[in-house]
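Q:
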């Protein structure tokens, strides 16, 4: 487990209170289950209200990503920005909490379930509290509890990176924080857009 700039945390069936503190410009990477020919846990991740989070239901949620490819490793990544260069992207405010759940039941046929599912059976839910600053400035979790979570045999975990890691300063042992081509293009787009307004 990395505690400096990145934390690898797994959903723990014995922990019903997944509350993580993040800062503006930090990013979260949800790593889908590893490819498997035998069994694969299909799921959709939604951003929901606090009421839907508590009730494990998607009544008016927003789809964040889907874990559906049993043949290759995939991830769902998003950044905590108060403004986004991408139209329609989620934006976040410091001082607020955001809620994420999966109500899929893990099967291919049950991926579109909108209540209970993995949220209820495996506590696949996450509350992210956004503070001003970044993750490395606000790390205040009980590391003994977090370490035991990492060792739990589960199929989905999330990786939280501080804003420093956006520019490749993260040192993950497993390489899961490497940026995808789309992330590089997005950063290039933002830099070019900024330069255009600056000149």
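Residue numbers (the UniProt record's numbering): 1 to 199. Where is the CB? At the ideal position from N, CA and C, for every residue including glycine.
Taking the beta strand (DSSP E) that residue 65 belongs to, which residues open and close that run?
A: Taken as a continuous stretch (DSSP letters only), the beta strand (DSSP E) holding residue 65 covers 62-67.
Q: Among 60, 127, 82 and 24, whose alpha-carbon lies nearest the alpha-carbon of residue 114?
A: When only C-alpha atoms are compared, the closest one is 60.
Q: Tell me whether the beta-carbon of residue 62 lies closer than 9 angstroms to the beta-carbon of residue 90.
A: Contact: yes.
Q: Does the beta-carbon of residue 106 have 16 or more other beta-carbons within 10 angstroms, so that it is buried, or is it exposed?
A: Burial call: buried.
Q: Report all residues from its chain with a CB closer than 7 angstroms to the CB of residue 88; omit the five preceding and five following residues, and keep chain order.
A: Contacts found: none.
Q: Would DSSP call residue 53 helix, strand or coil?
A: It is helical.
Q: By the DSSP assignment, the beta strand (DSSP E) with residue 128 in it spans what residues?
A: Where residue 128 is concerned, the enclosing beta strand (DSSP E) stretches over 125-131.
Q: May I have the straight-line CA-CA distance separating residue 71 from residue 37, to the nearest angstrom?
A: Their backbone Cα atoms lie some 8 angstroms apart in a straight line.
Q: Taking the CB atoms as reference points, tell me whether residue 111 and residue 53 lie closer together than 9 angstroms.
A: Cβ atoms of residue 111 and residue 53: not closer than 9 angstroms.
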